[in-house]
Amino acid sequence: MEQMEYRTDLAVEYTEESTHRREEQGEYAITRLTHAGRRYVTVETPPFSDAADAEELAELLAGELRKLLPEEGPVLVAGLGNRFVTPDALGPRMADRVLATRHIGGELARVSGLDGLRPVAVLAPGVLGSTGVESGEVVAALTAALHPAAVIAVDALAARSLSRLGCTVQLTDAGISPGEGVGNRRPALSWESLGAPVIALGVPTVVDAAALAAGLMGGDPPSEAVAPRGAAMIVTPREIDLLVDRAARVLAMAVNRALNPDLSQEDFARLVS
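The sequence shown stops at residue 696 when you use my numbering, and every number in between is there.
In structure tokens, the structure reads:
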């Protein structure tokens, strides 16, 4: 009987382990791989829902993000997802905490002491069901208007393994297809669709129920014919509110520090409320 292939947004879960380069950095494990010419970095962390060292993790992620970004030029940050559905709210909550600097210039920059900042524009485009507009269409329109050197897209991800929920961060220069991991694929955000480099960050917040059941039972995944309902269900942790809020804060600080490293974490905490 043919087995199901469970959905995942994580490159480490659909590529051969022999292609992975893994290194330990304190309490974090970093896996690097190249797939189809694109770079993927996976950072395994203590659970976001625990009292992890958010400042240290933000600095680590900022350093990894800088390696994927162009050194200069304006950047558009897009927080993808639905802020009214907690497992999908990572992107919008992150966007709320990223410092927009594109409008800061001239006398305002001088008197505020914020001159010399990299121009950053931030948006949370919402979802088709709420706006009637694809998030990719919104980002594409702004990209055409602003001509950024790069787009940073942040979204919640789906994992195949329960052990990766809320304790994994993926960074990639491959762009992103929102909703692909849960079978609701929307138009991709990529170099091909936007005409600019797209760096995607995400944290897995959901797992396929059938894959979860198979993992807990210690057996092979059931076939679609055996478990059609389980295959269609998505599971999220009980502490999802805390997980998403803390992950959004860490990713936002990582983005802030990667784009404007001359400002400290304390500076960003004061500037972004």
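Just so it is clear, CB atoms sit at the ideal spot from N, CA and C, and this is done for glycine as well. The structure displayed is predicted, hence computed values, not measured ones.
Return the bridge partner residues of residue i from the DSSP annotation.
{"i": "LEU624", "result": "VAL577 and LEU594"}
{"i": "GLU447", "result": "ALA452"}
{"i": "VAL658", "result": "VAL630"}
{"i": "VAL498", "result": "VAL543 and ALA573"}
{"i": "ALA582", "result": "VAL630"}
{"i": "LEU612", "result": "ILE599"}
{"i": "THR457", "result": "ARG462"}
Since I believe residue j is in contact with residue i (beta carbons under 8 Å), could you give me their beta-carbon distance rounded to a whole number of angstroms?
{"i": "THR431", "j": "ALA581", "result": "6 Å"}
{"i": "ALA619", "j": "PRO571", "result": "6 Å"}
{"i": "LEU513", "j": "ALA671", "result": "6 Å"}
{"i": "ALA597", "j": "TYR437", "result": "Wrong, their Cβ atoms sit about 12 Å apart, outside the cutoff."}
{"i": "LEU492", "j": "VAL695", "result": "20 Å between Cβ atoms; not a contact."}
{"i": "LEU617", "j": "THR566", "result": "5 Å"}
{"i": "ASP664", "j": "THR509", "result": "6 Å"}
{"i": "PRO469", "j": "GLU450", "result": "6 Å"}
{"i": "ARG520", "j": "ARG506", "result": "Actually they are not in contact, since the Cβ atoms of ARG520 and ARG506 sit about 13 Å apart, beyond 8 Å."}
{"i": "SER558", "j": "PRO601", "result": "6 Å"}
For residue i, report the span of its alpha helix (DSSP H) as first-last.
{"i": "VAL562", "result": "558–569"}
{"i": "ARG670", "result": "The sequence given here places Ala at residue 670; Arg does not occur at that position. Where ALA670 is concerned, the enclosing alpha helix (DSSP H) stretches over 663–682."}
{"i": "ALA619", "result": "Taken as a continuous stretch (DSSP letters only), ALA619 belongs to no alpha helix (DSSP H), as it is neither H nor E."}
{"i": "LEU484", "result": "477–491"}
{"i": "GLY514", "result": "513–518"}
{"i": "SER553", "result": "551–554"}
{"i": "ARG525", "result": "First-last for ARG525: undefined, no H or E at that position."}
{"i": "LEU694", "result": "688–694"}
{"i": "GLU436", "result": "434–437"}
Can you tell me where the beta strand (DSSP E) holding residue i begins and where it ends?
{"i": "LEU546", "result": "543–546"}
{"i": "GLU467", "result": "461–467"}
Anyone know if the C-beta pair for residue i and residue j falls short of 8 Å?
{"i": "ILE599", "j": "ALA623", "result": "yes"}
{"i": "ARG489", "j": "ALA675", "result": "no"}
{"i": "LEU635", "j": "LEU585", "result": "yes"}
{"i": "ALA544", "j": "LEU569", "result": "yes"}
{"i": "GLU467", "j": "THR591", "result": "yes"}
{"i": "ARG390", "j": "LEU433", "result": "The shown model of the chain, from 424 to 696, leaves out residue 390, and the question about it has no answer."}
{"i": "LEU499", "j": "VAL556", "result": "no"}
{"i": "ALA477", "j": "VAL621", "result": "no"}
{"i": "SER441", "j": "LEU666", "result": "no"}
{"i": "PRO548", "j": "ARG525", "result": "no"}
{"i": "ALA611", "j": "VAL562", "result": "no"}
{"i": "ALA452", "j": "ARG445", "result": "yes"}
{"i": "GLN593", "j": "THR465", "result": "yes"}
{"i": "LEU697", "j": "ALA518", "result": "Only positions 424 to 696 of the chain appear in the structure, and residue 697 is not among them; the question remains open."}
Given 7 Å as the limit, tell me if residue i has its C-beta closer than that to any heavy atom belonging to the ligand NAP.
{"i": "LEU617", "result": "Of ligands this structure carries none, so the ligand NAP is not represented either."}
Examine the Cβ distances between the region 656–667 and the region 538–557 and report whether three or more of them are shorter than 8 Å. no
Any 3 or more C-beta pairs closer than 8 Å across the region 615–631 and the region 570–584: yes
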